[in-house]
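Engineer: Quick note, the sequences are listed as chains F and U, same order.
Residue numbers for the first sequence, in this note's numbering: 88 to 193.
Residue numbers for the second sequence, in this note's numbering: 5 to 121.
Quick one: structure below, then a few questions.
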Amino acid sequence: GIQVEQSPPDLILQEGANSTLRCNFSDSVNNLQWFHQNPWGQLINLFYIPSGTKQNGRLSATTVATERYSLLYISSSQTTDSGVYFCAVAGYQLIWGAGTKLIIKP
Amino acid sequence: DAGVIQSPRHEVTEMGQEVTLRCKPISGHDYLFWYRQTMMRGLELLIYFNNNVPIDDSGMPEDRFSAKMPNASFSTLKIQPSEPRDSAVYFCASSFESTTSSGETQYFGPGTRLLVL
């Protein structure tokens, strides 16, 4: 089946810093999504991005489908950005990566 | 819409007891998913329904787990008998279309935090 790998597993940054999270996947997919799980456990969809680039405020994402990876950029980090960021790809069903745990220190 | 609603939010029970988790999907969504999240295994899809019909239950860990969707606005996940290793956060999610064929995202409920002693 499709394998999804996320890196780094953990990331600790100071408020105001920028960060890049990576998602590699092992096969062609027609659906790639980024989710944020906040410290209270709520899972929120950030982007649907099977290819190309999208931006939403301080967050942006780029997927290079031919090279089987996606990047999530967070600029000017805020403490509210803390949590776990998941990449999920769809073949038959959503396949989830293990996540990147991001801690933003004030 | 209020979003996906799950109940209870927290459940503490003793080994051997029956546990029933409940989910109300977003109105109009045709797909409903049950996930389990643990530190060791991350997010696992247990089962999903389309138009109230179970489509794939290959993620259900064993016969102690069962799920039903008697109508479009209600689903249950039952564990009988419960065991300590079932302790996890159980999420319900719904979507309008299949996430495999479209850009439709899944909307997650707040989860049920289950502790089996």
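The C-beta atom is built at its ideal place from N, Cα and C for all residues, glycine as well.
In chain A, which residues lie less than 8 Å from Ala185 of chain F when you measure between Cβ atoms?
Structural biologist: You won't find chain A in this structure, because its protein chains are F and U.
Engineer: Rounding to the nearest angstrom, what Cα-Cα distance links Ser106 of chain F and Val171 of chain F in this structure?
Structural biologist: Going by the C-alpha atoms only, they are around 13 Å apart.
Engineer: Taking buried to mean at least 16 other C-beta atoms within 10 Å of its own C-beta, is Gln57 of chain U buried or exposed?
Structural biologist: According to the sequence shown, residue 57 of chain U is Val rather than Gln. Its Cβ having fewer than 16 others within 10 Å, Val57 of chain U is exposed.
Engineer: Whose CA, out of U:Glu18, U:Phe53 and U:Ile83, lies closest to the CA of Pro65 of chain U?
Structural biologist: Comparing Cα positions, the closest option is U:Ile83.
Engineer: Look at the alpha carbon of Ser86 of chain U and the alpha carbon of Val116 of chain F, and state the distance between them as a whole number of angstroms.
Structural biologist: Their backbone Cα atoms lie some 37 Å apart in a straight line.
Engineer: Check each candidate in U:Ser79, U:Phe95 and U:Met19 and name the one with the smallest Cα separation from Arg68 of chain U.
Structural biologist: Closest by alpha carbon: U:Met19.
Engineer: Report the residues of the stretch 132-145 of chain F with a CB closer than 8 Å to any CB of chain U, ordered along the chain.
Structural biologist: Here the close residues are Asn132, Tyr135 and Pro137.
Engineer: Indicate whether at least one CB of chain U lies closer than 8 Å to the CB of Gln90 of chain F.
Structural biologist: For Gln90 of chain F, the answer is no, since every Cβ of chain U falls outside 8 Å of its Cβ.
Engineer: For a cutoff of 8 Å on Cβ pairs, would you count Gln93 of chain F as touching chain U?
Structural biologist: Judged by the 8 Å Cβ criterion, Gln93 of chain F is not in contact with chain U.
Engineer: Anything in chain U within Cβ reach of Gly170 of chain F, meaning under 9 Å, just list it in chain order.
Structural biologist: Simply none; closest approach about 13 Å.
Engineer: Please report how far the alpha carbon of Gln41 of chain U lies from the alpha carbon of Gln165 of chain F, in whole angstroms.
Structural biologist: Answer to the nearest angstrom: the Cα atoms are 26 Å apart.
Engineer: Looking at Ala25 of chain U: is its Cβ nearer than 8 Å to the Cβ of Tyr94 of chain U?
Structural biologist: The sequence given here has Leu at residue 25 of chain U, not Ala. Yes, they are a contact pair.
Engineer: Could you name the residues of the stretch 83-97 of chain U whose beta carbon sits closer than 9 Å to any beta carbon of chain F, in the order they occur along the chain?
Structural biologist: Residues Val93, Phe95 and Ala97.
Engineer: Taking 8 Å as the cut-off, decide whether the C-beta atoms of Ala175 of chain F and Gly184 of chain F are in contact.
Structural biologist: Their beta carbons are under 8 Å apart, which means Ala175 of chain F touches Gly184 of chain F by this criterion.
Engineer: Return yes when the Cβ of Ala92 of chain U is within less than 8 Å of the Cβ of Leu50 of chain U, no when it is not.
Structural biologist: It is not a contact, given that the beta carbons lie outside the stated cut-off.
Engineer: My assumption, with CB atoms under 8 Å, is that Phe122 of chain F sits in contact with Asn111 of chain F. Please give the rounded CB distance.
Structural biologist: Going by Cβ atoms, the distance from Phe122 of chain F to Asn111 of chain F rounds to 17 Å, so no, they are not a contact pair.
Engineer: Check whether the Cβ atoms of Arg13 of chain U and Thr116 of chain U lie closer than 8 Å to each other.
Structural biologist: Yes, Cβ-Cβ distance for Arg13 of chain U and Thr116 of chain U is below 8 Å.
Engineer: Count the other C-beta atoms from every protein chain shown that fall within 10 angstroms of the C-beta of Gln21 of chain U, then say buried if there are 16 or more, exposed otherwise.
Structural biologist: It is exposed - the Cβ of Gln21 of chain U has fewer than 16 other Cβ atoms within 10 Å.
Engineer: Would you tell me roughly how many angstroms separate the C-alpha atoms of Asn54 of chain U and Gly103 of chain F, rounded to the nearest one?
Structural biologist: Answer to the nearest angstrom: the Cα atoms are 43 Å apart.
Engineer: What in chain U is Cβ-close to Gly128 of chain F, meaning under 9 Å?
Structural biologist: What Gly128 of chain F touches in chain U: Gln41, Val93, Phe95, Pro114, Gly115 and Arg117.
Engineer: With burial defined as no fewer than 16 other Cβ atoms inside 10 Å of the residue's Cβ, what is the status of Ala97 of chain U: buried or exposed?
Structural biologist: Buried, by the Cβ-count rule.
Engineer: In angstroms, rounded to a whole number, what distance separates the CA positions of Gln110 of chain U and Leu36 of chain U?
Structural biologist: In a straight line, the C-alpha of Gln110 of chain U is about 9 Å away from that of Leu36 of chain U.
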